[in-house]
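Protein chains in written order, with the working numbering: chain Y, 1 to 172; chain E, 1001 to 1266. Built from N, CA and C at the ideal position, the CB exists for glycine as well. No experiment lies behind these values; they were computed from the predicted model shown. Everything below concerns the one structure shown next.
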C-alpha cells in the first residue's frame, strides 16, 4: 500500500485531477452545509467530507480524522453493491477515526465500470462525518465530562450497513 | 479558478478584451498551451456593450416566514402586490410603459430547520391555495435537482416559506449581431505600413529566429470575414492593438471577431 512507483505524469494533468478532487469534496461539503438542520453542522460547520481511493488513502490532503478502514475491515470491498451506505460512530471500533459519539460518519462506495470485465467495481469512497447536536446519553449535547462509562455518552453504533441510499433499514 | 475546479484550460478558447487585453495573448497561448484566442470587435468596449444589452431590472424582497401548512395566502398575495407596486413605480420612473413592464415573482423556501433557501418561481395573478401548493411542489423538485433528494413524500418534513421576491423588468431592444460581408481573399487592402518589432526568440517559432522583425501593421476595420493575417503582424484599431506573434495567425470570423491560432502543430 505504501510502495512508491516512479511514474511520468503530466504536471498539468496532476493539478487538474487534484483540482477535480478538491472541487468534489467542496461540493459535497456545500451540499451538507446548505441542507443541514443541525446548528452544529449548519452554523458551526463542525463537519467534513473526504474522498478516499480504493486503497483507502485520503486523496486531497486536507485534515480528516475519520477513516474508511473500519468499514472495509467488516464489509469487504468485493461484497459491496451500488447504493450501499455505511454508518458508524463507534469510537473504539473506528480505530481512532471517531473522537466522540456525536461525530456520525457515513461512507458510500463509488463504482465505475471495470476496465477488464465492464462490471461495476469500487474505485473510491466518499465519506462525510459531522458533529450531531445530540446523540443521547446523560447530558444534553452528549458530552458529559463527568461520565464514568461510555454508556453515559450516548448511542454508539458499530460500523453497519444501511442498505441503500434511502437508509431506512439495516440490510445486514 | 479553472484548474482549482478540475477544468483544463487547454479545452477552452481564451477571450481577450479591454484595450490592452490582447497584448500578450500569443504569449499566454504559448505558456498555457491554449488552442485558440477570440478577440471581439471593439475590445475596449466589451463590458460597456454587455451592460447595454441587458434588460433594466430592479429586485424587491420581503421576508415572510411561515410554514407552508400555515401559510396565509391572502397575506402572501398582498405582499406580492405591494412589491409589484414598488417595482412598477421604479420602472415608470425609468420610462417604461405599463404595457412593456414584466413582473417576475419568486419565493425562497426551505425545509424547516435549514439555513439556506431554494428559490422557485411563483405564478402571476391571484394566488390561491392551489398555486401555493404548486410552489411547494416546485421547491421539492428544485431541492432534488440541487441536492439529490427531497422530502415530497415524507409528511414528517415541513416546508417553510422565507422570502417573497418580485423582479420588475423593463425590456430593452437588444442590438442585432449582423454578419459582415466576406472579403476578397487578400489582406493587402488592410496593410497600413510596417515597423520593427522585437519578438523574444525563446518564444517564437524556431524558423523565425526571433529578435527584431519587420512587421506589417493592419487596420482592423479594413479586414473582412475569411481574412487570415499571419504573424508577425500588428492589428490596430481605434481602441486596441493585437500583436500576432511569429508562428501565429489571426482569422476574421463572420462577426468580425479575430481568432488567434498557432499556425503549426495544432
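Which residues in the same chain as residue 1094 of chain E place their Cβ atom closer than 8 Å to its Cβ, once the five residues preceding and following it in sequence are excluded? 1056, 1170
Compare the C-beta of residue 1003 of chain E against all C-beta atoms of chain Y and say whether one is closer than 8 Å. yes
Strictly under 8 Å for the Cβ-Cβ distance: is residue 1251 of chain E near chain Y by that measure? no
If we ignore side chains and look at the alpha-carbon of each, how far apart do residue 17 of chain Y and residue 1054 of chain E end up? 37 Å
With H, G and I counted as helix, E and B as strand and the rest as coil, what does DSSP make of residue 1162 of chain E? strand
Here's a check: name, in chain order, each residue in its chain whose Cβ is nearer than 8 Å to the Cβ of residue 1064 of chain E, leaving out the five neighbours to either side. 1075, 1076, 1079, 1161, 1162, 1163, 1164
Would residue 1022 of chain E and residue 1016 of chain E be called neighbours here (beta carbons separated by less than 8 Å)? yes
Please name the residue in Y/44, Y/9, Y/66 whose C-alpha comes closest to that of residue 56 of chain Y. Y/66
Whose Cβ in chain Y lies nearer than 7 Å to the Cβ of residue 1008 of chain E? 16
Roughly how many angstroms lie between the CA atoms of residue 144 of chain Y and residue 69 of chain Y, to the nearest whole one? 28 Å
DSSP state of residue 1041 of chain E mapped onto helix, strand, coil: coil
C-beta atoms of residue 1255 of chain E and residue 1181 of chain E nearer than 8 Å: no
Could you name the residues of the same chain whose beta carbon sits closer than 6 Å to that of residue 106 of chain Y, not counting the 5 residues immediately before and after it, in chain order? 87, 128
For residue 22 of chain Y, go through chain A and note every residue whose CB falls closer than 9 Å to its CB, in chain order. Protein chains in the displayed structure are Y and E, and chain A is not among them.
Find the nearest neighbour of residue 1043 of chain E within the set E/1131, E/1236, E/1247, judged by alpha-carbon distance. E/1236
By Cβ distance, which residues of its chain are closer than 8 Å to residue 1265 of chain E, with the 5 residues on each side in sequence left out? The predicted model places residue 1265 of chain E with a pLDDT of 48, which falls under 50 and marks its position as unreliable, so this point remains unresolved.
Chain-order list of residues whose beta-carbon lies under 6 Å from that of residue 77 of chain Y (same chain, five-residue window excluded): 122
Name the DSSP bridge partner or partners of residue 28 of chain Y? According to DSSP, which records beta bridges pairwise, residue 28 of chain Y is partnered with nothing at all.
Cα-Cα separation between residue 110 of chain Y and residue 1121 of chain E, rounded to whole angstroms: 35 Å
Kindly list, in the order they appear in chain E, the residues whose Cβ is closer than 9 Å to that of residue 118 of chain Y. None at all; the shortest Cβ gap to chain E is about 26 Å.
With respect to the beta strand (DSSP E) encompassing residue 162 of chain Y, which residues constitute its N-terminal and C-terminal limits? Taken as a continuous stretch (DSSP letters only), residue 162 of chain Y belongs to no beta strand (DSSP E), as it is neither H nor E.
Can you give me the Cβ contacts of residue 1068 of chain E inside the same chain, cut-off strictly under 6 Å, excluding the 5 residues immediately before and after it? 1136, 1159
Chain Y contacts from the segment 1090-1121 of chain E (Cβ-Cβ distance under 8 Å): 1111, 1112, 1113, 1114, 1115, 1116
Using beta-carbon positions only, say whether residue 101 of chain Y and residue 135 of chain Y come within less than 8 Å of one another. yes
Going along the chain, which unbroken runs of the beta strand (DSSP E) with 3 or more residues stay wholly within the segment 110-164 of chain Y? 120-131
Any beta carbon of chain E sitting closer than 8 Å to that of residue 35 of chain Y? yes
Note down, in chain order, all residues in the segment 1134-1147 of chain E with a beta-carbon under 7 Å from any beta-carbon belonging to chain Y. 1147
Return no unless some Cβ of chain E is closer than 8 Å to the Cβ of residue 130 of chain Y. no
What span of residues does the alpha helix (DSSP H) with residue 1075 of chain E cover, start to end? 1073-1093
Mind checking which residues open and close the alpha helix (DSSP H) that includes residue 1140 of chain E? 1129-1147
In chain E, which residues lie less than 8 Å from residue 43 of chain Y when you measure between Cβ atoms? 1115
Since residue 41 of chain Y and residue 32 of chain Y are thought to touch, with beta carbons under 8 Å apart, how far apart are those beta carbons, to the nearest angstrom? 7 Å
Rounded to the nearest angstrom, what separates residue 1051 of chain E and residue 1196 of chain E at their Cα positions? 38 Å
Of the choices E/1127, E/1233, E/1112, E/1099, whose alpha-carbon is the least far from that of residue 1267 of chain E? What the structure shows of chain E is the stretch from 1001 to 1266, and residue 1267 of chain E is not part of that stretch, so it cannot be assessed.
Closest Cβ-Cβ distance between residue 19 of chain Y and chain E: below 8 Å? yes
Taking only beta-carbon atoms, is residue 161 of chain Y less than 8 Å away from chain E? no
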